[in-house]
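The structure under discussion appears below in the form of structure tokens.
Number of protein chains: 2
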Amino acid sequence: MANLETNDPSELAPTRDLAAMASGLAPSNISETARRWAKHCVLDWIAVTVGGVDEPLTRKLIDVALAEGAIGQARIIGHPEKLIASQAALVNGAASHALDYDDVNQRMMGHPTVPVVPTLMALADEIPIDGESFLAAFIAGYEVEVQLVDMMGLSHYDAGWHTTGTVGSFGAAAAAAKILGLDGQQTATALGIAATQTAGLKAMFGTMCKPLHAGKAASNGLLAARLAAEGFTSRVDAIECPYGFAATQAASFVPGAVRPDPAAPYAVEENLFKYHAACYLTHAGMDALQQLREENRVDPAEVIAVRQRVKPANFSVCNIQEPETGLEVKFSMRHTAAMTLFGIDTGALASYTDEIAHRPDLVRLREKVEVIGDDRLTSRMQAEVEVDLADGRMIAGFADCGVPAGDLDEQERRLTIKFHSLVSPVFGDNRASAALDACLDLDSLDDVARVFDTVTG
Amino acid sequence: MANLETNDPSELAPTRDLAAMASGLAPSNISETARRWAKHCVLDWIAVTVGGVDEPLTRKLIDVALAEGAIGQARIIGHPEKLIASQAALVNGAASHALDYDDVNQRMMGHPTVPVVPTLMALADEIPIDGESFLAAFIAGYEVEVQLVDMMGLSHYDAGWHTTGTVGSFGAAAAAAKILGLDGQQTATALGIAATQTAGLKAMFGTMCKPLHAGKAASNGLLAARLAAEGFTSRVDAIECPYGFAATQAASFVPGAVRPDPAAPYAVEENLFKYHAACYLTHAGMDALQQLREENRVDPAEVIAVRQRVKPANFSVCNIQEPETGLEVKFSMRHTAAMTLFGIDTGALASYTDEIAHRPDLVRLREKVEVIGDDRLTSRMQAEVEVDLADGRMIAGFADCGVPAGDLDEQERRLTIKFHSLVSPVFGDNRASAALDACLDLDSLDDVARVFDTVTG
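Those protein sequence lines, which keep their order, are chains A and B. Residue numbers for the first sequence follow the numbering used here, so the first one is 1 and each next one is one higher. Residue numbers for the second sequence follow the numbering used here, so the first one is 458 and each next one is one higher.
Below is the structure:
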């Protein structure tokens, strides 16, 4: 990579350098830690996709694909139908983002896994892919997404683009290119073909088009890599060229060396997982209260008052005082706080019902919760909580759900709970456990398609 | 349409109004003239698509579709394979733009037909579509494209977007929505789903991605309409909403009433056709010389000198003085002028060979051609020519290929020549004539799929 051998910024060629990084990334360069993070991403992806299989948007995408006869050999999570790879990538991508319960990378300003894994899963149903290659391709795609956003800063997201759809296409293209064995030049071409297809408007948040973006990114990236493999032409400087991706879609673009320190952790090692099936900005409060409850064996009947401090900016997002529906509960810091103190499984989709919004004991506890704006907090993902108890004690806690986990065993424990919570109701405990074990064993598999056997068909 | 009943600009809602216009456009509202223009567009589309069937990019797209098993019932021009509709739209769309010989609308700043007809053709292989409905859907899609660009002015194209890919997606969505019988609200949703998929960078000109944009627009629009028909949700104000299509992709956006004068001609009636298989900016010179040659029975041996005046801006595009290859000939005003005076068929793809670049009599005549920059001309699509003859006469002419044809019979005559020139070498004269007749008779057909019978399979 020329950029590593020079300090001359004119030598930087982000498209070429991202492509070289991705195509050159060998399983032997990947630490055991990075590999474990990647497995956690795949594991979580399966869980949230199973959670999204019965969403109306997923069904509609399958119906449209079936109506045009897009039958193939690529499987769909949670459904018996098999589609052609590009349609399966579209459906699985949208399904996995349907609940907005999938993982997040703060630097990417989006959801890194949903555009990439569906593409790899579709390819795995065509050609055998061993576990190490699968994880390397996933890590390469993830890294492309984050490094590309690094160069644009906030300017891309702020302009109105849904990074998951736009930048996600590049990640999917890079990952697919790797599985197809493309070299650096061909991968740069794949990134170019991705660049000219990439789309997704933030304005669509709140509609079925938001999850569609993840599916489109997956299928656009797959097409890009396949066309590049066939010798289709594109610019190999599509990101940085005049009128290119950056020029049209980012007010600021500062080309930088791609992985200037090759020994640094991969971006996948800063992935954030959601453990509550509610708005992300309610999570820190729930995390802090859950920890207090467990450490102090809090009896909700003994709670006199709860004070939860968050950034005032969160008020406009998730501060519904008296939610009436399950959906509103997801955007109520007060109600989710009460649910947490009662030990209700906030990770289960089934917990967010209209009944729970009206359950008398929860409503009584919710009325004791005060949400306070506090600008001393440095992030919207932080919460400080204080609980006054009937015995006179005041217990206090803090959580920041914007910090990647330091303890991978603990992360795995929490992801396992989430996995069972989403997968067991659909497939039963036995199949859920088998799927989980396969994910955790992914890097030792000769054919990763086996991972998907338990959650398809 | 609310906007027609009020002068209050706050009542304008471009997405809704475009959708209402498209879904409300009935065959009975379409004049015989507009219908004839639309038939000319379809006729020309078939001709240029047949011309593009053997281009490498077309073959690569077919191969990628076949490799994933995208077999279906939708036909591809010039090929025996049948694909699923979305893939057939992709392939036919790209093939029709492969030669850059397809039609143009100056207000759209792009190619109006290539994103729309492939979508309609794919649908016609699934459900019977009568000729009048087909033409009405085409005219609606075309109108959506042009009216949308009208509101953005140059700001969208100048920002780096290839309008054929971006705005073309809206046209394809509107046309498909019409065939699927969607109402105004559903069509607005389809436009929203199109808006969030739409892409295509001008930076890709000169690569296979440029034609790909037309194909992607066709398949994106088809998906948008099908999803809207299934009840998929999107914003119904996707064009004008905050962070919407216009906000992200046009520096200027002035919402206007959609077809404020319902009696005005449709935009299709200003379509421009290419009659020479060379750069569009060489066309006016060829048109002017061709007319002089025919009117004066010019013998090329008697030509002493030729002066061709064009806007100096054209020099940077197509003023190669001594072309060495067939491709360079397409960008040489001098050589194409000489070819015209010799009566060579400048509409035939086969005329642009390396041999013709070196043919001695052409080279000798080309040396007598002087191209002069002249800013008195008001458009880059104009040329003024003067020819000095051996008998002492000086004959002069002028052409403006940016002016839509006034004489539809003459247009049809020229399109017929172009049609035969492109289709006969592939399918023979008899099938070419049958295809041409079917196009010209399109509005009386019960099932337009018949039009494509002669150029598929």
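Where a beta carbon is used, it is the ideal one built from N, C-alpha and C, also for glycine.
For residue 394 of chain A, no alpha helix (DSSP H) run applies; the uninterrupted beta strand (DSSP E) run containing it begins and ends at 394 to 400, by DSSP.
Between residue 803 of chain B and residue 831 of chain B, the alpha-carbon positions lie close to 25 Å from each other. In the three-state reduction of the DSSP assignment, residue 474 of chain B falls in the helix class. Within the segment 174 to 186 of chain A, no residue has a Cβ lying closer than 8 Å to any Cβ of chain B. Interface annotation for the segment 215 to 248 of chain A against chain B: 216, 223, 226, 227, 230, 231, 232, 233, 234, 235, 238, 241, 242, 243, 244, 245, 247 and 248, criterion Cβ-Cβ distance under 8 Å. For residue 269 of chain A, the secondary structure class from DSSP, reduced to helix, strand or coil, is helix. Burial check for residue 84 of chain A: the Cβ neighbour count within 10 Å reaches 16 or more, so the residue is buried. Within chain B, no C-beta atom comes less than 9 Å from the C-beta of residue 371 of chain A; the nearest is roughly 27 Å away.
The beta-bridge partner set that DSSP reports for residue 789 of chain B consists of B:776. The Cβ atoms of residue 543 of chain B and residue 749 of chain B do not sit closer than 9 Å to each other. By the rule that beta-carbons nearer than 9 Å mark a contact, residue 659 of chain B touches chain A.
Bridge pairing for residue 83 of chain A: A:71 [DSSP]. Residues of the segment 589 to 613 of chain B with a C-beta atom less than 8 Å from some C-beta of chain A do not occur.
Counting other Cβ atoms within 10 Å of its Cβ, residue 231 of chain A stays below 16 and is therefore classed as exposed. For residue 578 of chain B, no CB of chain A lies under 9 Å from its own CB, so it is not counted at the interface with that chain.
Secondary structure note for residue 636 of chain B: it is in no beta strand (DSSP E), and the uninterrupted alpha helix (DSSP H) holding it is 620 to 636. Classified as exposed, residue 778 of chain B has fewer than 16 neighbouring CB atoms from the shown chains inside 10 Å of its CB. Scanning its chain for C-beta atoms nearer than 6 Å, with the 5 sequence neighbours on each side dropped, one finds around residue 335 of chain A the residues 323, 329 and 366, in chain order. One thing to note: residue 794 of chain B has its Cβ no nearer than 9 Å to the Cβ of residue 846 of chain B. Put simply, the segment 528 to 535 of chain B touches the segment 504 to 519 of chain B. At least three CB pairs are less than 8 Å apart. Closer than 8 Å at the C-beta level to chain B, one finds these residues of the segment 51 to 62 of chain A: 56, 57, 60 and 61. When the alpha-carbon of residue 25 of chain A is set against those of A:235, A:195, A:258 and A:449, the nearest one is in A:258. Interface annotation, residue 849 of chain B: not in contact with chain A, CB-CB separation never under 9 Å. Looking at the DSSP output, residue 830 of chain B bridges to B:767. Annotation: residue 765 of chain B has no Cβ neighbours in chain A at a cutoff of 8 Å; minimum Cβ distance is about 31 Å. Shortest Cα-Cα distance from residue 113 of chain A to any of A:127, A:88 and A:143 involves A:143.
Residue 416 of chain A is bridged by DSSP to nothing; it lacks a bridge partner. DSSP places residue 841 of chain B in the uninterrupted beta strand (DSSP E) bounded by 839 to 846. Annotation: residue 115 of chain A is outside any alpha helix (DSSP H) and is labelled neither H nor E by DSSP. Between residue 64 of chain A and residue 648 of chain B, the C-beta spacing is not below 9 Å.
If you compare the alpha carbons of A:422, A:446 and A:308 with that of residue 436 of chain A, the shortest gap goes to A:422. Closest in C-alpha terms to residue 311 of chain A, from the list A:177, A:165, A:400 and A:13, comes A:400.
Here DSSP, grouped into helix, strand and coil, assigns residue 522 of chain B to helix.
A direct Cα-to-Cα measurement between residue 631 of chain B and residue 725 of chain B gives close to 15 Å. Under the three-state reduction of DSSP output, residue 233 of chain A falls in the coil class, being neither helix nor strand. Put simply, the CB of residue 554 of chain B is far from chain A, with every gap to its CB atoms at 9 Å or more.
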